[in-house]
Amino acid sequence: MTKKDGRLAEWEAKGNNRDSTSVALDINGNRQGSRAKNRSRARLMTEDKARKVGLPSNRQGGPYTAEEIDLWGEVIRKQGNKQHISVHTNTDTGRVRVFERDADGNIAQTLDEFELENFNELKQVIGEAFK
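When we follow the UniProt record's numbering, the leftmost residue of the sequence shown carries the number 1, and every step to the right adds one.
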């Protein structure tokens, strides 16, 4: 999640071997980035995780930070509303599509669509690097 010009935005990058546009659902069936999911996550972050700021953590993002908790506090104040941008890359073809999603997590508009140049060569180099 980022903040630019006073506006909160969630950026998500997904790779799939087909032209998928799906995003994750939580246990309540709310789409990632939706207003309902944002409110739920914001409550968790500000009520439960705030006390863990700066403590060692094995989570992927490392220790929780005060800035991170502050951003989630802002999500609460905005009633779960924030911009959600999802970037979907087809890992077989190199086709990339960028979408803005609405408050329910549905695609509201296509922001960009393009093919990665020299994709097969890039894919091979990346594959070699992770062997």
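Just so it is clear, CB atoms sit at the ideal spot from N, CA and C, and this is done for glycine as well.
Just so you know, these numbers come straight off a predicted model, no measurement behind them.
Cα-Cα separation, residue i to residue j
i: residue 108; j: residue 84; result: 10 Å
i: residue 72; j: residue 20; result: 28 Å
i: residue 11; j: residue 102; result: 13 Å
i: residue 100; j: residue 113; result: 12 Å
i: residue 3; j: residue 81; result: 13 Å
i: residue 62; j: residue 54; result: 9 Å
i: residue 88; j: residue 111; result: 12 Å
i: residue 28; j: residue 37; result: 9 Å
Residue range of the unbroken beta strand (DSSP E) whose run includes residue i
i: residue 73; result: Not the beta strand (DSSP E): residue 73 falls in the alpha helix (DSSP H), residues 66-77.
i: residue 2; result: 2-4
i: residue 89; result: 83-90
For residue i, the three-state DSSP class (helix, strand or coil)
i: residue 126; result: helix
i: residue 116; result: coil
i: residue 16; result: strand
i: residue 44; result: helix
i: residue 59; result: coil
i: residue 108; result: strand
Closest by C-alpha distance to residue i, when choosing among the options
i: residue 104; options: 7, 16, 15 and 22; result: 22
i: residue 79; options: 9, 99, 42 and 16; result: 42
i: residue 35; options: 67, 75, 56 and 60; result: 75
i: residue 48; options: 31, 58 and 64; result: 64
i: residue 120; options: 128, 93 and 111; result: 93
Bounding residues of the alpha helix (DSSP H) (the contiguous stretch that carries residue i)
i: residue 101; result: Not the alpha helix (DSSP H): residue 101 falls in the beta strand (DSSP E), residues 95-101.
Residues sharing a beta bridge with residue i, DSSP
i: residue 9; result: 2 and 83
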